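*Asks:* Below: one structure in structure tokens.
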Amino acid sequence: TLSRGSMAMANATFMPSSSSSGSVDMLWSTFTSTRSDFLLYCYTFPILVVGYTVGCVPYVLLDIWRPAWAEKFRLQGSVYNPKPTIWTCYKGVQALMWSVIGPLQVFSYPFFYLANISAKDPLPPLWLALVQIATWFIIEDYGNYFIHRWLHSGWAYRNIHYMHHEYDTPMAPAASWAHPVEILVLGIPTFVGPAVTGCHMITCWAWFTIRQLEAVETHSGYDLPFPLCWTKLIPFYGGAKYHDYHHRIGGECCGNYASVFTWCDWAYGTDKGYRVSESLKKKTS
Numbered sequence: 020t021l022s023r024g025s026m027a028m029a030n031a032t033f034m035p036s037s038s039s040s041g042s043v044d045m046l047w048s049t050f051t052s053t054r055s056d057f058l059l060y061c062y063t064f065p066i067l068v069v070g071y072t073v074g075c076v077p078y079v080l081l082d083i084w085r086p087a088w089a090e091k092f093r094l095q096g097s098v099y100n101p102k103p104t105i106w107t108c109y110k111g112v113q114a115l116m117w118s119v120i121g122p123l124q125v126f127s128y129p130f131f132y133l134a135n136i137s138a139k140d141p142l143p144p145l146w147l148a149l150v151q152i153a154t155w156f157i158i159e160d161y162g163n164y165f166i167h168r169w170l171h172s173g174w175a176y177r178n179i180h181y182m183h184h185e186y187d188t189p190m191a192p193a194a195s196w197a198h199p200v201e202i203l204v205l206g207i208p209t210f211v212g213p214a215v216t217g218c219h220m221i222t223c224w225a226w227f228t229i230r231q232l233e234a235v236e237t238h239s240g241y242d243l244p245f246p247l248c249w250t251k252l253i254p255f256y257g258g259a260k261y262h263d264y265h266h267r268i269g270g271e272c273c274g275n276y277a278s279v280f281t282w283c284d285w286a287y288g289t290d291k292g293y294r295v296s297e298s299l300k301k302k303t304s
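Numbered according to my numbering, the sequence shown spans residues 20 to 304.
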């Protein structure tokens with residue numbers, strides 16, 4: 020991993036020497052100087068809660084208001100979750116966040132510290148943050164694919180992953196609805212990238228937020244076009260349509276396991292059912 024000293028050297032070398040960036044650095048330094056590393060690290064949890072909630076809001080409003088223009092982008096047509104079900108799911112996820120993710124995040128601090136993830140280093144240059152996040156997406160996708168595939172095996176599905184598939188009709192809040200064990204094991208590939216490369220805490224916050232927004236969009240039930248859906252810009256991206264097939268088929272063996280990209284499913288042949296389904300739709304349309 021990169022040491023904090025080498026990270027600081029990279030920042031000093033590549034950060035544009037403008038008055039604006041200097042002012043931002045000064046503000047960040049002032050903000051972090053009066054707070055401990057642990058306290059700054061604990062900001063991760065409210066960032067997760069706010070990111071998840073804000074990401075859900077647009078899709079939940081579409082589910083509640085059901086505007087005519089959005090109907091053609093709805094993957095399951097006129098099939099919606101009842102409003103009380105949406106609210107129950109959101110409250111359930113919040114309960115999981117406060118009872119599982121929050122404590123887990125607090126007790127994970129030593130691992131972040133050992134991985135050279137700190138908020139008190141100089142702010143990273145944008146190019147470095149983007150390269151790191153892109154790398155983490157690839158690492159996370161591979162790790163998530165194999166863990167998710169295992170979760171659809173007999174014992175793991177019946178005892179752990181069944182919970183995530185309780186909602187056959189997709190909705191944004193269900194993105195984080197999962198068994199505590201699943202939350203733990205699927206969190207591993209999300210953390211591996213930052214742990215391997217080392218990074219600034221603010222890059223980690225950006226990564227967690229982007230990954231969460233992507234998961235919310237994937238479970239939203241809407242295949243919205245760009246610019247309404249920013250993820251359309253990601254090459255080889257699966258998206259809501261791709262993952263909707265996974266939830267519609269469900270069960271212990273259903274395919275389309277990858278979290279973000281489509282290449283693992285293609286390489287290991289677990290997208291065949293989806294491709295056949297899409298081919299039949301084109302022939303009958």
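The beta carbon of each residue, even a glycine, is placed where N, CA and C say it ideally should be.
A quick note: this is a predicted structure, and the numbers were derived from the prediction, not measured.
Which of the three DSSP states, helix, strand or coil, is assigned to LEU299?
*Replies:* For the purposes of this step, residue 299 is identified with residue 280 of the sequence shown, where counting begins at 1. Helix at LEU299.
*Asks:* Here's the rule: buried if 16 or more other CB atoms are within 10 angstroms of the residue's CB, otherwise exposed. What is VAL279?
*Replies:* Taking the first residue of the sequence shown as 1, we reach residue 279 at position 260. Counting Cβ neighbours within 10 Å, VAL279 comes out buried, since at least 16 surround it.
*Asks:* Assess, as a yes-or-no matter, whether the region 77-86 is touched by the region 127-141 under the definition of 3 or more beta carbon pairs within less than 8 Å.
*Replies:* Short answer: they don't touch.
*Asks:* Quick one: residues in its chain with C-beta nearer than 8 Å to the C-beta of TYR161, no 5 flanking neighbours on either side, listed in chain order?
*Replies:* Residue mapping note: residue 161 aligns to position 142 of the sequence shown, counting from 1. So the qualifying residues of the chain are PRO208, CYS283.
*Asks:* Using 8 Å for Cβ pairs, my map puts LEU81 next to TYR261. What's the rounded Cβ distance?
*Replies:* To locate residue 81, count along the sequence shown from 1; it is residue 62. To locate residue 261, count along the sequence shown from 1; it is residue 242. Not confirmed; about 19 Å, so no contact.
*Asks:* Under three-state DSSP, which class holds ILE229?
*Replies:* Working through the sequence shown from its first residue, we reach residue 229 at position 210. The answer is helix: DSSP assigns ILE229 an H, G or I state.
*Asks:* Would you mind stating whether PHE163 and GLY217 have Cβ atoms separated by less than 8 Å?
*Replies:* On the sequence shown, residue 163 is found 144 positions in, with the first residue counted as 1. On the sequence shown, residue 217 is found 198 positions in, with the first residue counted as 1. Residue identity differs from the one stated: residue 163 is Asn in this sequence, not Phe. The answer is no: Cβ separation not under 8 Å.
*Asks:* From what residue to what residue does the alpha helix (DSSP H) around GLU201 run?
*Replies:* In the sequence shown, counting from the first residue as 1, residue 201 sits at position 182. It spans 199-216 - the alpha helix (DSSP H) in which GLU201 sits, taken as one unbroken run.
*Asks:* If you follow the alpha helix (DSSP H) that TRP249 is part of, which residue opens it and which one closes it?
*Replies:* Along the sequence shown, one-based indexing puts residue 249 at 230. Run containing TRP249: none; DSSP gives neither H nor E here.
*Asks:* How many Å lie between ILE179 and LEU170 at the Cα?
*Replies:* If you number the sequence shown from 1, residue 179 lands on position 160. If you number the sequence shown from 1, residue 170 lands on position 151. Cα-Cα distance, rounded: 7 Å.
*Asks:* Can you look up ILE179 in the DSSP assignment and give me helix, strand or coil?
*Replies:* Reading the sequence shown from its first residue, position 160 is the one you call residue 179. In this structure, ILE179 counts as coil in the three-state DSSP scheme.
*Asks:* According to DSSP, is SER195 part of a helix, a strand, or is it coil?
*Replies:* Indexing the sequence shown from 1 puts residue 195 at position 176. Correct three-state label for SER195: helix.
*Asks:* Give every residue of the same chain whose Cβ lies closer than 8 Å to the Cβ of GLY70, excluding the five residues on either side of it in the sequence, and list them in chain order.
*Replies:* On the sequence shown, residue 70 is found 51 positions in, with the first residue counted as 1. Result list for GLY70: PHE227, THR228, GLN231, LEU232, in chain order.
*Asks:* What number of angstroms, rounded off, separates the C-alpha of GLU159 from the C-alpha of HIS265?
*Replies:* Translated into the one-based positions of the sequence shown, residue 159 becomes position 140. Translated into the one-based positions of the sequence shown, residue 265 becomes position 246. So the alpha carbons of these two residues sit roughly 19 Å apart.
*Asks:* Smallest Cα separation from GLU271: which of TRP84, VAL68, TRP174?
*Replies:* Here the question's residue 271 lines up with position 252 in the sequence shown. The shortest Cα separation from GLU271 among TRP84, VAL68, TRP174 belongs to TRP174.
*Asks:* With a cut-off of 8 Å on the beta carbons, I'd call VAL204 and ILE166 a contact; round off their distance for me.
*Replies:* Within the sequence shown, numbered from 1, the residue matching residue 204 stands at position 185. Within the sequence shown, numbered from 1, the residue matching residue 166 stands at position 147. Right, the Cβ-Cβ distance comes to about 6 Å (below 8 Å), so this counts as a contact.
*Asks:* Give the DSSP-derived three-state secondary structure of HIS265 in the structure shown.
*Replies:* As a first step, residue 265 is located in the sequence shown; it is residue number 246 there, counting from the start. HIS265: helix per DSSP, three-state reduction.
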